[in-house]
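Colleague:
2 protein chains.
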Amino acid sequence: MSTILNGLRIVEVSAFVAAPLGGMTLAQLGAEVIRIDPIGGNIDYRRWPLAPSGASLYWASLNKGKRSVAIALDRPEGQELARALIARPGPDAGILLTNLPTSGWMSHDALAQSRDDLITLRLTGNHDGSGAVDYTVNCASGFPLATGPGPAPVNHVLPAWDVAAGLYLATGLLAAERARRQDGKGRQVSLALSDVMLASVGNLGYIADVQVNGAVRQPIGNDLYGALGRDFATADGRRVMIVAISNRQWRAIGRATGLTDKFALIGPMMDVDLDTEGGRFTARAAIFAVLERWCAERSLAEIAAALDGTGVLWGPYRDFGQLVHEDPRCSVANPMFATIEQPGAGPVRAPGSPLAFSGGTRLPPLPAPQLGQDTEAVLAEGLGLSTAAIGKLFATGIVAGPSSTAF
Amino acid sequence: MSTILNGLRIVEVSAFVAAPLGGMTLAQLGAEVIRIDPIGGNIDYRRWPLAPSGASLYWASLNKGKRSVAIALDRPEGQELARALIARPGPDAGILLTNLPTSGWMSHDALAQSRDDLITLRLTGNHDGSGAVDYTVNCASGFPLATGPGPAPVNHVLPAWDVAAGLYLATGLLAAERARRQDGKGRQVSLALSDVMLASVGNLGYIADVQVNGAVRQPIGNDLYGALGRDFATADGRRVMIVAISNRQWRAIGRATGLTDKFALIGPMMDVDLDTEGGRFTARAAIFAVLERWCAERSLAEIAAALDGTGVLWGPYRDFGQLVHEDPRCSVANPMFATIEQPGAGPVRAPGSPLAFSGGTRLPPLPAPQLGQDTEAVLAEGLGLSTAAIGKLFATGIVAGPSSTAF
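Top line first, the protein sequences correspond to chains A and B.
All the letters of the first sequence, read from the start, carry residue numbers 1 to 407 under this note's numbering.
All the letters of the second sequence, read from the start, carry residue numbers 408 to 814 under this note's numbering.
(1) Would you list, in chain order, the members of the segment 506–520 of chain B that have their beta-carbon closer than 7 Å to a beta-carbon of chain A?
(2) Which term fits valine 755(B), buried or exposed, when burial requires 16 or more other beta carbons within 10 angstroms of its beta carbon?
(3) Would you say cysteine 295(A) reaches chain B, if we count a Cβ-Cβ gap shorter than 8 Å as a contact?
(4) With hydrogens ignored, establish whether the beta-carbon of isoleucine 39(A) is closer than 7 Å to any heavy atom of the ligand SAH.
(5) Run through DSSP, which three-state label would glutamate 12(A) get?
(6) Determine, using beta carbons only, whether arginine 9(A) and aspartate 92(A) come nearer to each other than 8 Å.
(7) Taking only beta-carbon positions, decide if methionine 241(A) is within less than 8 Å of chain B.
(8) If we count the other Cβ atoms within 10 Å of its Cβ and call it buried at 16 or more, is aspartate 668(B) buried or exposed?
(9) Helix, strand or coil: which one does DSSP assign to threonine 683(B)?
(10) Going along chain B in order, which residues have a C-beta closer than 7 Å to the C-beta of threonine 147(A)?
(11) I'd like to check one pair, isoleucine 694(B) with isoleucine 673(B): are the Cβ atoms closer than 8 Å?
(12) Just verifying my parser: in three-state terms, what is the DSSP assignment at serine 811(B)?
(13) Quick one: grab the DSSP three-state call for serine 411(A).
(14) Pick from Arg482(B), Asp638(B), Leu581(B): whose alpha carbon is nearest that of alanine 152(A)?
(15) Would you mind reading off the limits of the beta strand (DSSP E) that contains proline 38(A)?
(16) Just to confirm, is the Cβ distance from leucine 118(A) to glycine 94(A) under 8 Å?
(17) Within its chain, find whatever has a CB closer than 7 Å to the CB of proline 367(A); leave out the 5 residues flanking it on each side and keep chain order.
(18) Threonine 803(B): buried (16+ other C-beta within 10 angstroms of its C-beta) or exposed?
(19) Residue range of the alpha helix (DSSP H) that valine 17(A) falls in?
(20) Can you tell which of Pro742(B), Ala671(B), Val623(B) has its C-alpha closest to the C-alpha of glycine 321(A)?
(21) Give every residue of the same chain whose Cβ lies closer than 6 Å to the Cβ of threonine 124(A), excluding the five residues on either side of it in the sequence, and list them in chain order.
(22) Report the CB separation of glutamate 32(A) from arginine 83(A) in whole angstroms; it is logged as a contact under 8 Å.
(23) According to the neighbour-count rule (16 or more other Cβ atoms, all chains shown, within 10 Å of its Cβ), is methionine 269(A) buried or exposed?
(24) Could you check whether leucine 145(A) and tyrosine 724(B) sit closer than 8 Å to each other, using their CB atoms as the reference points?
(25) Answer with buried or exposed for glutamine 625(B), where buried requires no fewer than 16 other C-beta atoms within 10 angstroms of its C-beta.
(26) For phenylalanine 281(A), which beta-bridge partners are listed by DSSP?
(27) So, helix, strand or coil for leucine 698(B), using DSSP?
(28) Three or more beta-carbon pairs under 8 Å between the segment 564–574 of chain B and the segment 420–437 of chain B, yes or no?
(29) Taking the alpha helix (DSSP H) that valine 133(A) falls in, what are its first and last residues?
(30) According to DSSP, is proline 362(B) helix, strand or coil?
(31) To which residues of the same chain is arginine 181(A) closer than 8 Å at the C-beta, ignoring the five residues directly before and after it?
(32) Please name the residues in the segment 760–784 of chain B whose beta-carbon is closer than 9 Å to at least one beta-carbon of chain A, in chain order.
(33) My parser needs the alpha helix (DSSP H) runs of 4 or more residues fully inside the segment 591–639 of chain B; what are they?
(34) Once you ignore the five residues that flank glycine 718(B) on each side, which residues in its own chain have a CB closer than 6 Å to its CB?
(35) Cβ of glycine 609(B) less than 8 Å from any chain A Cβ?
(36) Drop a sphere of 10 angstroms on the beta-carbon of glutamate 277(A), count the other beta-carbons inside from all chains shown, and report buried for 16 or more, exposed for fewer.
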């Protein structure tokens, strides 16, 4: 099957969310991504949630479509094998993606002795190399103290900085590979998780708001800042989000709910122009009071019937179960999804890449490998080792296949 | 200056967060990104927060380092100019990034008549082309109902899906450009904001947890799921996040706080093995009770003195003001940051790309353009128009420069 990154070869030595997501993002576009783990698995191999078999659903979800090689990375012979895989020849190979604290044999300079145009992507916690994780980066970001209804900090549950870091790694890898095609040079690409947070805070204007206006964004619950939007309770115990950013969207709310005449009273009442984003934000309490009653008198189905197809930006709140069971976008009716047979977990509905490219078949989601599933094949095809040499590596415990690492 | 994406030429017709962030991500790696806006600015040009001058700090922060061309996109002559810029010849050009609902002249097929290897990146709300924004995607994601201390939904304030979508766009653009270099073919690349959310929910294991275990993640406040971590109040009214994922990190907490002996009582007390992630998660209330008292008896400075450099994963909570004023990572001591002179806002501390590439100078952050700042230069250099022709376009209102679009 022709895929967009067909031929690209990446070796990943990773754990947790960001680096595995970076590798998987490229695997889902057709790159060959070989994840090398220590025999028995890396530190993330048993992370919750687990299936009844003991298999980690977390690990399986973040490593879909990769190949898995299990090597004794604490032994010189194992390091030599890993080095050979990382520095494999070919214009599409010679790329390492890692978030492990590395020195010695896995440093860029040491590996570059085997291939001087090597590309190494290295994720660290902070730019000085010190450790940090999503949780300890997030607490400093300003967002937890601006999230929720009150002064207590509210952490996001989505590991947003990890997700963003994984996607920066994918971008950085393709940028470095593009540059290598032009100038033949290898590079070490560094990314700090806290820099991802800091860049995002700056890119969204929060730093400038502090510096220029002395303004420190305070929590306003689920209200949108600077525009109109909030959550509302329905008559049947559900909640909906209703949003208007443009004037067109704002007028659509009035038309679809029949509340245009009531809204027209709010401008003079609050001395604002409701045809501006700022005016609607300033008068939002009055607007919300009217919308709140409208929603409270209707079921979710009635609200959907009134708002769908009218140009109103809205959506129901769903928990993870409702998302899986009732959202048609989260089903195989969406071409991004397919049901895969995941070893140790059974059939699960899995997403492929959200990126769709015209003129080629979309790569369907693939299961994550069993740990060590591809050890033998990669040593044979990738390094050209003989059956006898591979047998010796297994016998001496330098490498392992899937049988010795069952769930 | 040699930069990693030197030579790459992208035209962006965009608004809000995701598509502008996608373009800026590549501009910060050295690509030329020309943002085309209607005269007077697109719908996001006045988004809050504003500087006292009326300039949008939001817009400025998301469009750093781009060139700005203002064109009357509602007139055929303007559309023709935009088309010519989008379809400019050269192996590095012919790339459009947009999130505007487009048909007619700005559709991929229409533009590809001017350049058949055109690459078009198109962000939509949903995969069927219907509209959605971060807020109406997020409510369905499951995360608001799993965030915060109780059953009420808590929206993230970080527009996390927009940020992720912007980075997917950057990845998809580089992937399509790589493929074009190999096969000479243009492509339309589609990305739906809700697919970014759905893929992330799936990649993090939440869909599999529902399907395999029937488990729907419930809110547990600021507690980490499946590991150890929470926020704690200090003696001086601050809060800190303390986390342990690995056994090494867990033991570091005991050592640094002197609480190892007390922690040792908790295993037998709660019938769990505290040397496992799951055991610590199960017994977290008891562990938190001990840590809570330790933190409450100490100031933030005392806690920092006790924990820094010990291998403990921890960090203080900061609001946006504290982040800007007290976090050394958010200062020009961090090579990612520099102070730029932003028109309409004055000097602001701005981030460059969080990606750092060895062997080349890191592109410093650049200000966002004034609207229409580069109209004349781009028409001359990019399209080779004569001074007379350009003068006529200005005179007839087909294009505009910065003077007619002041703050």
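Backbone N, C-alpha and C define an ideal beta-carbon position, used for all residues, glycine too.
Modeller: In terms of the structure at hand:
(1) none
(2) buried
(3) no
(4) Ligands are entirely absent from the displayed structure, and the ligand SAH is therefore not among its contents.
(5) strand
(6) yes
(7) yes
(8) exposed
(9) coil
(10) Val561, His563, Val564
(11) yes
(12) Below a pLDDT of 50, predicted positions are generally treated as unreliable, and serine 811(B), at 48, falls in that range; the measurement from the model is reported next regardless. Of the three classes helix, strand and coil, the one that applies to serine 811(B) here is helix, per DSSP.
(13) This structure leaves residue 411(A) out entirely; chain A is present only between 1 and 407.
(14) Asp638(B)
(15) 32–38
(16) yes
(17) Lys64, Ile340, Glu341, Gln342, Pro343
(18) exposed
(19) Taken as a continuous stretch (DSSP letters only), valine 17(A) belongs to no alpha helix (DSSP H), as it is neither H nor E.
(20) Val623(B)
(21) Ala192
(22) Not really, about 18 Å apart at Cβ, beyond 8 Å.
(23) exposed
(24) yes
(25) exposed
(26) BP columns for phenylalanine 281(A) are empty, so no partner.
(27) helix
(28) yes
(29) Premise fails: valine 133(A) is in no alpha helix (DSSP H) and is neither H nor E.
(30) Lying before the first or after the last residue shown, residue 362(B) is absent from chain B, which here runs from 408 to 814.
(31) Pro91
(32) Ser760, Pro761, Leu762, Ala763, Phe764, Ser765, Gly766, Gly767, Pro772
(33) 600–610, 613–620
(34) Ala659
(35) yes
(36) buried
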